[in-house]
Structure formats: C-alpha cells, structure tokens
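Numbering (full-length UniProt numbering), first residue to last: 1 to 261.
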C-alpha cells in the first residue's frame, strides 16, 4: 500500500467512526511510547517511516526500548486496547493457523490473545492465506465466541462472503451482538468476541481471482523458504502483485465497510 493510499484510508476510517458518534483511537508505537489516538501529523509520520516494524504483543517492549516506529498486529492492538478500556476495535482479517501447520507449527499470536483478552473484534474473517477450519477449531477450543453478522452461519472468507465452514452462531441484530458482548463482560469471561462481517456480494467478483493468486503465492513462499514471521507480509505483497492491485483495493474497501458495520 502506498503512503498516499495509507493516509487516505486511515483518515477515511477515522471519519467514518466519528460520523457514528464514536471516538476513533488509532494505535501506534514511536518515540519509546505507546500512542492511542493519533493526530494527522502522527499518522503521516507512521505512513512515511519505511523502517517501521510489525509489532505483536511480545514485540512491544523491544519496540519501545529501541524507539522504533511500530504498527500493531491484532494481538498487540487487543492487549493495548484492553489496557485502556477500549472494548471494540475493527481490523481487516484475523491471524490464525497457517497452512502446513503440522510441519511449521506456525500459529498466530492473535489466537492466543483472542482466547485471553475480552475485547470485541470486528473483522471480515480470517486472512485468506490461512487454514480457516483449523483456525475456527482453535477458537472453539479456547472458548472464543465467533458470530457472523449476516444472514447465514457460514463463516466469511475475507475476499468472499461465505466459506463452507460454520461459525458458532449468526445474527442480523446489532442489539443481540451488543448484549452478548456485555453479558460476557459482566460474567468476567476472559476471551474475546469475534464479529465476522461478510463482504457484500457486489464486491465479491474478484474473490476467486484473489484466491487463485493466494494458492500461487503460498507455493512460492514454500519454494523460497520464507520464515514464519515474514510469511504474511510476503504473501500479501505477492498476492497484490499477482492480482494487479485487486487484493489491496478490496482490502481497502473492507476496512471502510467494517467500520461502518
């Protein structure tokens, strides 16, 4: 994603949140501090720092001590949001169990955080490069509530509205989702609530093309031996190249759509 596109997306997402009467709180790490809620100058600084690093929960101290610029994963965002009392945040796709996990044992730290941090996460499903059924099994085993906000119980496939795999439940009622989140909090349950929102049908057309590109990129990643920490950035970049920018365009739409939801 270009700097210009990143800034346009970030500003648009915050504008959408404000239009619904909520306060946006974009999270970033720089100058040895955690910043929760960024002004426009700070957004520009992050966008223009080409040495910024990917920060999961374990990386927060390392990033702060070295005063690096860091962008947070779902795991780190959940941890920091919970620390300051933010109960809901939106992301594109969750991390999860990687394909070929029996050989690599590559499981995203996002899943452990979802099992231990009571924040509601709005998303479009699991990143399409991952093993969706194993990810859903992991979430079920760790008592993470997974709700589809839509018309069917089929879990969304990020770039496609449905997969063949099922969530725990589904509803078209935001009030019901809010009640579930509040009840979970009141009971002191330690796990997250995942709210998966299917991509609208009119934006699903390129999903098959993107999924074909994902399969090709996965094969390439195995051939060149990309390590587990870098496999997601590698795949996302390669898929965008193979689709002529279609995957980034669809991902950008999804982020705006999820903030509206």
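Backbone N, C-alpha and C fix where the C-beta goes; we use that ideal spot for every residue, glycine too. Treat the numbers as computed from the prediction; the structure is a model and nothing was measured.
Are residue i and residue j touching if we call contact CB-CB under 8 Å?
| i | j | result |
| --- | --- | --- |
| residue 80 | residue 153 | no |
| residue 121 | residue 73 | no |
| residue 158 | residue 124 | yes |
| residue 29 | residue 118 | no |
| residue 243 | residue 210 | yes |
| residue 69 | residue 49 | yes |
| residue 46 | residue 71 | yes |
| residue 76 | residue 108 | no |
| residue 234 | residue 221 | yes |
If distances are taken between C-alpha atoms only, which option among the options comes closest to residue i?
| i | options | result |
| --- | --- | --- |
| residue 218 | 130, 59, 172 | 130 |
| residue 200 | 185, 251, 230, 224 | 251 |
| residue 142 | 206, 119, 192, 185 | 192 |
| residue 268 | 160, 96, 144 | Past the boundaries of the shown model lies residue 268; the chain is included only from 1 to 261, so the question cannot be answered. |
| residue 184 | 167, 100, 213, 116 | 116 |
| residue 215 | 60, 100, 22, 7 | 100 |
| residue 253 | 241, 160, 168, 164 | 160 |
| residue 227 | 98, 20, 170 | 98 |
| residue 213 | 198, 239, 230 | 239 |
| residue 9 | 22, 19, 43, 23 | 43 |
| residue 38 | 15, 165, 19 | 15 |
| residue 114 | 105, 136, 106 | 136 |
Can you tell me whether residue i is buried or exposed, with buried defined as 16 or more other CB within 10 angstroms of its CB?
| i | result |
| --- | --- |
| residue 40 | exposed |
| residue 174 | exposed |
| residue 127 | buried |
| residue 207 | buried |
| residue 93 | buried |
| residue 23 | exposed |
| residue 84 | exposed |
| residue 59 | buried |
Please list the terminal residues of the continuous alpha helix (DSSP H) segment that includes residue i.
| i | result |
| --- | --- |
| residue 232 | 228-242 |
| residue 138 | 132-141 |
| residue 207 | 207-224 |
Can you name the start and end residues of the beta strand (DSSP E) that residue i belongs to?
| i | result |
| --- | --- |
| residue 263 | No information on residue 263 is available, as it lies outside the stretch 1 to 261 that the chain covers here. |
| residue 123 | 120-123 |
| residue 54 | 53-55 |
| residue 194 | 193-196 |
| residue 90 | 88-90 |
| residue 36 | 33-36 |
| residue 29 | 27-30 |
| residue 170 | 169-171 |
Quick check: the Cα distance between residue i and residue j, rounded to an integer number of angstroms?
| i | j | result |
| --- | --- | --- |
| residue 88 | residue 177 | 12 Å |
| residue 66 | residue 25 | 24 Å |
| residue 147 | residue 3 | 34 Å |
| residue 139 | residue 162 | 18 Å |
| residue 150 | residue 102 | 33 Å |
| residue 110 | residue 202 | 30 Å |
| residue 237 | residue 245 | 9 Å |
| residue 13 | residue 241 | 25 Å |
| residue 52 | residue 198 | 31 Å |
| residue 171 | residue 180 | 11 Å |
| residue 144 | residue 168 | 9 Å |
| residue 112 | residue 78 | 11 Å |
| residue 63 | residue 31 | 9 Å |
| residue 54 | residue 7 | 18 Å |
Output yes if chain D places a C-beta closer than 8 Å to the C-beta of residue i; else output no.
| i | result |
| --- | --- |
| residue 202 | No chain D is present in this structure, which holds just one protein chain. |
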